[in-house]
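First comes the structure, then the notes that go with it.
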Amino acid sequence: MMPMCKQIQTLLHVPSSGHNHKMDVFNPHRQKEKVVIVMGATGTGKSRLSIDLATCFPAEIINSDKMQVYEGLDIVTNKITKEEQRGVPHHLLGMLDPHEDFTARDFCDLTSIAIESILGRDRLPIIVGGSNSYIEALIDDYDYKFRSKYDCCFLWVDVSTPVLHSFVSKRVDHMVQNGMVDEAREYFDPNADYTKGIRRAIGVPEFDKYFRYGPFLEEETRARLLRQAVDEIKDNTCKLACRQLEKIHRLRNIKGWNLHPLDATEVFRKRGEEADEAWKKLVSGTSAMIVGQFLYNMTAEVPPHLGSLRVLEALAAATH
């Protein structure tokens with residue numbers, strides 16, 4: 001059977017993202033260009049989805065995570081690796097001096113430049129990251145200039161809180177195994193200001209006591225300090241996920257943002273190939289159909305939890 005993205009490209013006549021030619025999804029008679037925004041709490045798979053979409057449509061990705069914009073601490077900030085990027089161009093990722101401040105205004109200015117640059121290459125800008133306050137500042141600027149220039153498609157990857165918290169806890173353990181402690185140690189400074197630059201990132205201030213006092217303590221006490229730091233990182237990451245989810249609900253329910261929810265809970269409950277199939281069915285396949293409709297101004301609605309085959313059948317029917 002033809003892969004999901006190939007089926008979508010065939011049905012919608014979408015040019016392959018690997019080809020360097022004009023992207024005909026942008027209607028020259030329409031005033032507004034189109035932008036896709038991938039939102040969700042930390043750990044829900046936003047980066048994975050953005051890459052999946054960028055392999056379906058000619059696209060480039062703009063990072064909207066306020067910590068991942070900094071150079072360094074790749075494990076601590078959970079940056080997407082070069083291998084995971086699969087050749088898709090990324091903007092605002094690992095490009096800023098770790099000691100500099102990066103404000104919402106900075107994000108808006110640099111993102112606006114990146115969007116125009118991407119559109120100038122006839123490609124689709126995909127904004128992805130968990131810093132929802134920055135995304136809100138960009139989309140709902142004081143004079144609504146952004147919305148006057150761009151049509152937005154909001155994709156929201158959601159995972160039930162208990163399942164996500166369990167995953168986040170395991171992810172922190174995995175990060176520790178991959179060298180998180182040694183990476184954070186390189187940024188330890190007894191006089192450091194944890195309110196500025198990359199040192200604001202979860203996974204830096206939590207190690208302060210361990211780095212500060214550990215070398216002078218017995219092994220057992222030092223190990224206890226390390227466990228406390230790791231537990232604090234897990235707790236703070238779960239709290240961050242809750243705050244991010246609260247902001248998303250506010251944007252949807254109070255500000256009226258038209259978010260397309262994608263429930264990935266079943267993906268996180270499965271393992272191996274079953275998890276991959278659930279991802280394709282519940283998240284990436286459905287998202288690709290939603291984005292295809294968005295780009296082509298199709299009128300057929302795609303129910304958010306349809307299986308991939310039914311989505312394809314619905315789209316095929318809508319195009320005939």
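Using full-length UniProt numbering, you'd call the opening residue of the sequence shown number 1 and step up by one each time.
For glycine and all other residues, C-beta sits at the position ideal for the given N, C-alpha and C.
- Out of 78, 134, 32, 66, the CA that lies nearest to the CA of residue 247 is found in 134.
- Ranking 83, 78, 92, 62 by CA distance to the CA of residue 69 puts 92 first.
- Judged by beta-carbon spacing, residue 123 lies within the 7 Å limit of residue 59, meaning their Cβ atoms are closer than that value.
- Pairing residue 186 with residue 75 gives a Cβ-Cβ distance that is not under 7 Å.
- In terms of Cβ geometry, residue 237 and residue 202 form a close pair [threshold 7 Å].
- Unbroken beta strand (DSSP E) runs of no fewer than 3 residues, entirely contained in the region 208 to 276, are found at 259 to 263, following chain order.
- Nearest Cα to residue 132 within the set 215, 146, 107, 34: 107.
- Taking residue 160 as the centre and dropping the five residues before and after it, the same chain places the C-beta of 265 closer than 7 Å to its C-beta, in chain order.
- Setting aside the 5 residues that flank it on each side, residue 275 is surrounded in the same chain by 267, each with a C-beta closer than 7 Å to its C-beta; the list follows chain order.
- Here residue 201 carries a coil assignment [DSSP, helix/strand/coil].
- DSSP places residue 191 outside both helix and strand once states are collapsed to three, so it counts as coil.
- Contact between residue 79 and residue 169 is absent: CB atoms are separated by about 20 Å, not below the 8 Å threshold.
- Between residue 213 and residue 225, the beta carbon gap of about 7 Å places them in contact (Cβ cut-off 8 Å).
- In the three-state DSSP reduction, residue 162 falls in the helix class (H, G or I).
- DSSP, reduced to helix, strand and coil, places residue 95 outside both helices and strands of the structure shown, so it counts as coil.
- The secondary-structure analysis by DSSP pairs residue 125 across a beta bridge with 60.
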